[in-house]
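For the sequence shown, full-length UniProt numbering assigns the number 1 to the initial residue and increments by one for each residue that follows.
In this text, a Cβ means the ideal position worked out from N, Cα and C, and glycines have one as well.
Just below is one structure, and these are the notes that go with it.
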Amino acid sequence: MSSHVITPGPYRATKLWNEVTRLFRAGMPLKKHRQNFRHHSSCFTANAAVDWLHQLLRNNSNFGPDVTRQQTVQLLKKFLKNHVIEDVKGRWGTEEFEDNNGLYRFPSTSPLKPIPCPSQVPGSIPGSVKKKHSFRDKDGFFKFRTIRKQEKDAQTQVKELLCISEGAEHTSQRRELTVEDEHTIWKDITLTHLQRILGVASLGEVLDYHFVNPQNIIHNMTKVNKHGVVTLDDKTNDLPHWVLSAMKSLANWPKYDSAQPSYPGFERDVFKTVSDYFYSLPQPLLTYELYELFINVLGLLQPQCERMAIEALQLCTLLLPPTSRRKLQLLMRMMSRISQNVDMPRLHPAIGTRTLMVHTFSGCVLGSAEECDLDELLATRLVSFFMDHQQSILSVPEYLLTAIGDHIRYLRTVPIGPVGDVGGEEEVSVPLPIYAFCRQISGAEFEQQKIESLQQAMEELLETLLTDQNMSEKDRRKKLKQFQKQYPDIYSRRVPATDQKNKPKIKPPLLSIKKTKVFSIRN
1 MSSHVITPGP
11 YRATKLWNEV
21 TRLFRAGMPL
31 KKHRQNFRHH
41 SSCFTANAAV
51 DWLHQLLRNN
61 SNFGPDVTRQ
71 QTVQLLKKFL
81 KNHVIEDVKG
91 RWGTEEFEDN
101 NGLYRFPSTS
111 PLKPIPCPSQ
121 VPGSIPGSVK
131 KKHSFRDKDG
141 FFKFRTIRKQ
151 EKDAQTQVKE
161 LLCISEGAEH
171 TSQRRELTVE
181 DEHTIWKDIT
191 LTHLQRILGV
201 ASLGEVLDYH
211 FVNPQNIIHN
221 MTKVNKHGVV
231 TLDDKTNDLP
241 HWVLSAMKSL
251 ANWPKYDSAQ
261 PSYPGFERDV
271 FKTVSDYFYS
281 LPQPLLTYEL
291 YELFINVLGL
301 LQPQCERMAI
311 EALQLCTLLL
321 PPTSRRKLQL
331 LMRMMSRISQ
341 NVDMPRLHPA
351 IGTRTLMVHT
361 FSGCVLGSAE
371 ECDLDELLAT
381 RLVSFFMDHQ
391 QSILSVPEYL
401 LTAIGDHIRY
411 LRTVPIGPVG
421 DVGGEEEVSV
431 PLPIYAFCRQ
441 ISGAEFEQQK
451 IESLQQAMEE
461 LLETLLTDQN
471 MSEKDRRKKL
481 KQFQKQYPDI
491 YSRRVPATDQ
501 KNKPKIKPPL
511 LSIKKTKVFS
521 IRN
């Protein structure tokens, strides 16, 4: 029995369900049990199943150690409802699973959920980031088409345009970017960075581009206070004053307000007030529209990918409406402070403060519009990571802000000049950036391209040797001689045999003379 990390991609929640089901069916110990004077073979008790599955989920990198026993019971209830298990009488669906000595078994039919074929995965939306291939193929070869090269090509085109208009009595105009152009730049660059981190073939597999509003990205990155929290233009969309007051009271306990009540259990009442408000919101803070995207980021929550996970969550939270991002920031700050406050009284008699924070608010942070079988477990995993890294995740990524600003400034400096000889003028169209980081190729293609690239480079070198006017004839003959010796095929194609009579002749290499052993005539 082995487990593996479910990497980002479409239908990740379904793949996780199938993975847990497979591990449970393959590893759960089956024994012979007696119940009501009857013997039942190949079955297990409910509490044994809870013990075993709870340990499995805690040790599984897709879920982590924050999984509780109660969550495991809830998952087994869903297993019974979906016929992953059945009781020893063959009943399932309407039966209730409880953490007791009830007997259950595995049905003979496969309980795995079908995953739609790739042709059924929705494609990219026109006008959004273009579909790209994965960063790696099975042979591990890459073909990078970097932004720098495209920027260089664009600069070369600009220089050529400047040369055409050089000497003309014309004052170069500058490109005027519309608001729509700038919004497109903010959206495309942000999504391109996100796609690069997730390593998916297309963001269209995990995100509906219709729900990406570039104005949200701009607002979340530019309208923040000195603490990095988003500010709202319309204060009526902010948290109610009484909720903010309650959150501040808990975050700064017990130093926030000396006039606050001091009866026993007051802090528990305040905590319940805050949790009730967030659960009263019409949808989770991470929104239903972005559910699939955040589920896929969970695939990066591994020790070796922690930095990538933080960066991916940074970009994902920029897509949120500013009201949701602000509430998420304030909630995570409160949760982090409460869990680290040693002076905070226990808010629950049987659960630690950190565990209580995670499990209380996970449902109001992440959830799907339609109930997902693993919603609670996945939300717990994500909120736990959020709380530990909230300061980094919910900060403005300066590198992205710089990249977008630099590109907008660059496009604004591109000149507009006269084109053609008709006498009229038309604007030189400079396309908005196309960011294509790599294209998947096979090993055979890689080797073929390597050979072709080498040959092309050698042909260019030979052409330089033949046409360079600054090279002396002596050096030219010497280097041509070396080139002909190393690359005779390329040399013969460029300089046919009929044209080589005036070319330097290459002497055949001296025959190596084998040294004979000299024997001494002396004894």
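Of all the options the options, which has the alpha carbon lying nearest to the alpha carbon of residue i?
| i | options | result |
| --- | --- | --- |
| Lys248 | Thr380, Leu30, Met332, Gln449 | Met332 |
| residue 526 | Leu315, Gln486, Ser324, Arg307 | Outside the displayed span of the chain (1 to 523) sits residue 526, for which this structure offers no information. |
| Val270 | Glu398, Gln482, Pro345 | Pro345 |
| Thr7 | Val206, Ser41, Asp87, Asp181 | Val206 |
| Ser336 | Leu318, Leu480, Phe385, Arg381 | Phe385 |
| Asp208 | Gln484, Pro10, Leu480, Asp468 | Pro10 |
| Leu191 | Ser245, Leu318, Pro282, Ser110 | Leu318 |
| Gln195 | Asp276, Leu300, Ile115 | Leu300 |
| Glu306 | Phe483, Leu466, Asn237, Leu382 | Leu382 |
| Trp242 | Gln391, Asp276, Pro322 | Asp276 |
Looking at the structure shown, is residue i part of a helix, part of a strand, or coil, going by DSSP?
| i | result |
| --- | --- |
| Lys226 | coil |
| Lys272 | helix |
| His39 | strand |
| Arg346 | coil |
| His359 | helix |
| Pro303 | helix |
| Trp242 | helix |
| Met458 | helix |
| His389 | coil |
| Thr7 | coil |
| Gly451 | The sequence shown places Ile at residue 451, rather than the Gly named in the question. DSSP places Ile451 in helix when its eight states are reduced to three. |
| Lys15 | helix |
| Trp92 | coil |
| Trp253 | coil |
| Thr68 | coil |
| Ser134 | Note that Ser134 scores 35 on pLDDT, short of 50, meaning its location in the model is unreliable; the coordinates nonetheless yield the value given after this. In this structure, Ser134 counts as coil in the three-state DSSP scheme. |
| residue 528 | Outside the shown range of the chain, which is 1 to 523, sits residue 528, and nothing can be said about it. |
Indicate whether residue i and residue j have their beta-carbon atoms separated by less than 8 Å.
| i | j | result |
| --- | --- | --- |
| Leu293 | Asn216 | no |
| Leu374 | Trp17 | yes |
| Lys255 | Leu285 | no |
| Leu198 | Asn296 | yes |
| Val358 | Met334 | no |
| Leu313 | Val274 | no |
| Asn47 | Asn82 | no |
| Tyr288 | Ser368 | yes |
| Ala26 | Leu378 | no |
| Arg105 | Val84 | no |
| Arg409 | Glu459 | no |
| Ser339 | Thr353 | yes |
| Val396 | Val224 | yes |
| Gln71 | Glu376 | yes |
| Leu30 | Leu53 | no |
| Ile393 | Ile310 | yes |
| residue 593 | Leu411 | Residue 593 lies beyond the stretch modelled for the chain, which goes from 1 to 523, so this question has no answer here. |
| Ile115 | His407 | no |
Name the DSSP beta bridge partners of residue i, please?
| i | result |
| --- | --- |
| Tyr104 | Phe44, Asp87 |
| Arg34 | His39 |
Am I right that residue i and residue j are in contact with their C-beta atoms under 8 Å? What's the rounded C-beta distance?
| i | j | result |
| --- | --- | --- |
| His193 | Leu103 | In fact, because the Cβ distance is near 53 Å, the residues do not count as touching under 8 Å. |
| Phe97 | Leu80 | 5 Å |
| Trp186 | Ile490 | Not confirmed; about 48 Å, so no contact. |
| Val73 | Val50 | 6 Å |
| Leu465 | Leu480 | 6 Å |
Contact criterion: CB-CB distance below 8 Å. Does residue i meet it with respect to chain D?
| i | result |
| --- | --- |
| Lys481 | The structure shown has no chain D; it contains just one protein chain. |
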